[in-house]
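Number of protein chains: 6
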Amino acid sequence: MRVSIIRKAHFNACHRLHINEWSDEKNKTVFGLCNSPNFHGHNYDLEVKLTGEINPITGYLMDLKDLKEIIKEEIEDRFDHKNLNLDTEEFKSLNPTTENFAYIIYELLRARIDDNIDIKIRIWETARNGVEYPAD
Amino acid sequence: MRVSIIRKAHFNACHRLHINEWSDEKNKTVFGLCNSPNFHGHNYDLEVKLTGEINPITGYLMDLKDLKEIIKEEIEDRFDHKNLNLDTEEFKSLNPTTENFAYIIYELLRARIDDNIDIKIRIWETARNGVEYPAD
Amino acid sequence: MRVSIIRKAHFNACHRLHINEWSDEKNKTVFGLCNSPNFHGHNYDLEVKLTGEINPITGYLMDLKDLKEIIKEEIEDRFDHKNLNLDTEEFKSLNPTTENFAYIIYELLRARIDDNIDIKIRIWETARNGVEYPAD
Amino acid sequence: MRVSIIRKAHFNACHRLHINEWSDEKNKTVFGLCNSPNFHGHNYDLEVKLTGEINPITGYLMDLKDLKEIIKEEIEDRFDHKNLNLDTEEFKSLNPTTENFAYIIYELLRARIDDNIDIKIRIWETARNGVEYPAD
Amino acid sequence: MRVSIIRKAHFNACHRLHINEWSDEKNKTVFGLCNSPNFHGHNYDLEVKLTGEINPITGYLMDLKDLKEIIKEEIEDRFDHKNLNLDTEEFKSLNPTTENFAYIIYELLRARIDDNIDIKIRIWETARNGVEYPAD
Amino acid sequence: MRVSIIRKAHFNACHRLHINEWSDEKNKTVFGLCNSPNFHGHNYDLEVKLTGEINPITGYLMDLKDLKEIIKEEIEDRFDHKNLNLDTEEFKSLNPTTENFAYIIYELLRARIDDNIDIKIRIWETARNGVEYPAD
């Protein structure tokens, strides 16, 4: 009996869309305001969806308190109140678009969650702009 | 032309996560605060998604007023303002986790909805914890 | 690396569910309040989800500013502050149910979005009633 | 011990901002899209706040079920799925702005609620535009 | 320069509206479903608003982290995952209506917040029913 | 007949709480994560409430389209996608707490809105932390 559980989390960070190999002019043309030189920021809303078999005894897929703790350790402690470009290893050479952020979060959680359980990330950068990874 | 319609509903109930075959100590260790002896409660937010063919004349998959009425009869009248452990047949011997609650709601609606229409349940126990059944 | 991006938009319109080939009595029986003769209205909440490959250089599936602009040109400029039955070509002979509206929006965006990218529409007519097209 | 209780309700309607004494041109200049000739519509979100003394025995200011019923009878039954300009007495000669709508709703409820209880109306025409009456 | 800060918190509990001095029949007549004998529950959404002078050096009225901690100690640790009627001192002989709950929370916080700072409580029992104490 | 209108707006920015006259150590002790050296960011949710007399002819306090435009010119164009500490005149020597931000926004709008109309600002830095200025 396969089921999905969803846990939401919230954190904030600042960033700047910028490709080091490009000129400032090209960066500005492609990324517009998101390339603003002194950074800008967001409250990120994260949804982590896990899919697998219900444990027939406990009635849990996985204890949501454990998932909450893993999200705190791997995602919130790493990215909350940080500058994604300057303060993190993950975006040293990777442009911190929401697409890439969803991929990075997926990989960080994948390493901590049982292989029998599928993971899907949905992250909202603003109330109107969101990303899902991997795609359905 | 396959389409999905979604109807949201809201009700509240109280419950306690507890497995009768286990000792009180083991229940407390596994379920923590959710095992609190005198129960605790939630406002449950329910989303029922139905998938099937649009009727080419009416432009409806199904009249949402009819779906609203079925949800009221089968789910709200049964569980609203109730103690899931003490007041319901469904959880007499089934631990009322959100995973199991999604499964129960699915089965209750499955018996009332035309077989040509697929059903998916999403239920939120709190603003941050949700479950989908069946999984994608 | 396939990913989905989601953009939300908002607009309002009025409409009336009515099938020209039916008698007034039958329309009233089937559509109830939604057949109210002088129309009624909604704030529509639209979610457009695009799925495709991340561009490995920019880290974008597609610039969300471009998607925002396409939604404005094709959907908001066409339907915002309009009477769907009287003011639009699309619903001259098509009943403006939410199911049909999702289909129309899909077709209008499909003509503007690159073929390598899949499109899914979710539209909410009220806070409790929504539709997805195409179905998963 | 003075306390306030708040009840939210939702309904939808269509309308058109238009002053009969003005020319069509002046109406269009002043009200823009909101003057669209065939009407447009909204999902209205209503908050009714009542202020008065707690009943020391029941612990209620007023039973919220009673307030819910009064709002249904006076507001929802009157305005839901209606054309404010064509279907209602209240806006026959009054421009249905959100400011005027808040005032009308206040007066309708004032006639039904005990004089010892103060009433304040907040109504949202869209997610971004709201009105309060009377002002603090 | 007087300013207000608002902090939101969330917790859940179960309760039953019941006046010990009344007969079961009278309790059922007055409180209806809310008198359900085996309790029911809610996710309570709490807003604590503090009003006072901005500190001209720090630019803070009060550190929101301190307010968050006080709310946790006084309100969440006391009421979260509890049965208000059976597990708490505060509602041993007080009917746990939302009005009374707002008053109790006010008194508990009043004892911990500097006297120069005014306090207002807003608490939502469901998405549609809320209470403010003290009244404006 | 006094009424209030409310307009919501959204923008994002990054900042760092820091008092130049203090040592780095004292800044870190007082402001914690909010003093993070390379900045962090937020999606700010702004509510502007105007209070005054309804125009008896138009039924408007003020055209919300005009208020929307003033908010865009004075607030969004100035602060959206900016670093409050480095990119703005207003916070060159003022700590960008939410309290101070509410005050600055009030002053910027006060200079543009008719003196007969009162202004109140509510701004949310995160979903749980907000500020109102001036206080009730």
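Respectively, the protein sequence lines represent chains A, B, C, D, E and F. Residues 188 to 323 in this note's numbering are what the first sequence lists, from first letter to last. Residues 188 to 323 in this note's numbering are what the second sequence lists, from first letter to last. Residues 188 to 323 in this note's numbering are what the third sequence lists, from first letter to last. Residues 188 to 323 in this note's numbering are what the fourth sequence lists, from first letter to last. Residues 188 to 323 in this note's numbering are what the fifth sequence lists, from first letter to last. Residues 188 to 323 in this note's numbering are what the sixth sequence lists, from first letter to last. Ideal placement from N, C-alpha and C gives every residue a C-beta, glycine not left out.
Contacts around residue i, its chain only, beta-carbon distance under 6 Å, and the 5 residues preceding and following it disregarded
{"i": "C:Leu254", "result": "Arg194"}
{"i": "A:Asn303", "result": "Gly239"}
{"i": "B:Glu319", "result": "Arg309"}
{"i": "A:His229", "result": "Glu312"}
{"i": "F:Leu233", "result": "Ala196, Ile310"}
{"i": "A:Leu295", "result": "Glu261"}
{"i": "D:Ile192", "result": "Leu237, Leu248"}
{"i": "F:Ile257", "result": "Arg299"}
{"i": "E:Val135", "result": "Residue coverage of chain E in this structure runs from 188 to 323, which leaves residue 135 of chain E outside it and unanswerable."}
Buried or exposed (CB count within 10 angstroms, at least 16 for buried), residue i
{"i": "F:Asp301", "result": "exposed"}
{"i": "C:Ala200", "result": "buried"}
{"i": "C:Ser280", "result": "exposed"}
{"i": "E:Glu276", "result": "exposed"}
{"i": "C:Arg297", "result": "exposed"}
{"i": "D:Glu286", "result": "buried"}
{"i": "D:Thr216", "result": "exposed"}
{"i": "A:Glu208", "result": "exposed"}
{"i": "D:Pro243", "result": "exposed"}
{"i": "C:Ala289", "result": "buried"}
{"i": "B:Ser210", "result": "exposed"}
{"i": "A:Asp274", "result": "buried"}
{"i": "A:Pro283", "result": "buried"}
Residues that residue i bridges to, as DSSP identifies them
{"i": "E:Phe198", "result": "E:Tyr231"}
{"i": "D:Ser191", "result": "D:Thr238, E:Glu319"}
Where residue i falls: helix, strand or coil (DSSP)
{"i": "A:Thr238", "result": "strand"}
{"i": "D:Asn287", "result": "helix"}
{"i": "D:Tyr293", "result": "helix"}
{"i": "C:Arg309", "result": "strand"}
{"i": "B:Asn270", "result": "strand"}
{"i": "A:Arg299", "result": "coil"}
{"i": "C:Lys244", "result": "Correcting the residue identity first, residue 244 of chain C is Ile in this sequence and not Lys. Of the three classes helix, strand and coil, the one that applies to C:Ile244 here is coil, per DSSP."}
{"i": "F:Glu208", "result": "coil"}
{"i": "B:Ile304", "result": "coil"}
{"i": "C:Glu276", "result": "coil"}
{"i": "B:Asn282", "result": "coil"}
{"i": "D:Asn225", "result": "coil"}
First and last residue of the uninterrupted beta strand (DSSP E) at residue i
{"i": "F:Asn214", "result": "From DSSP, F:Asn214 is part of no beta strand (DSSP E) but of the alpha helix (DSSP H) over 211-218."}
N-terminal and C-terminal residue of the alpha helix (DSSP H) that residue i is part of
{"i": "C:Glu256", "result": "251-258"}
{"i": "F:Leu204", "result": "Here F:Leu204 belongs to no alpha helix (DSSP H), and DSSP marks it neither H nor E."}
Cβ shell of residue i (< 8 Å), same chain only, five flanking positions each side left out
{"i": "D:His227", "result": "Cys201, His202, Arg203, Leu220, Cys221"}
{"i": "C:Asn270", "result": "Ala200, Cys201, His202, Phe226"}
{"i": "D:His205", "result": "Asn214, Phe218, Asn222, Asn272, Asn282"}
{"i": "F:Asn316", "result": "Thr285"}
Own chain partners of residue i with C-beta closer than 7 Å, once the 5 adjacent residues on each side are dropped
{"i": "F:Lys307", "result": "Lys236, Glu319, Pro321"}
{"i": "A:Phe278", "result": "Leu271, Asn272"}
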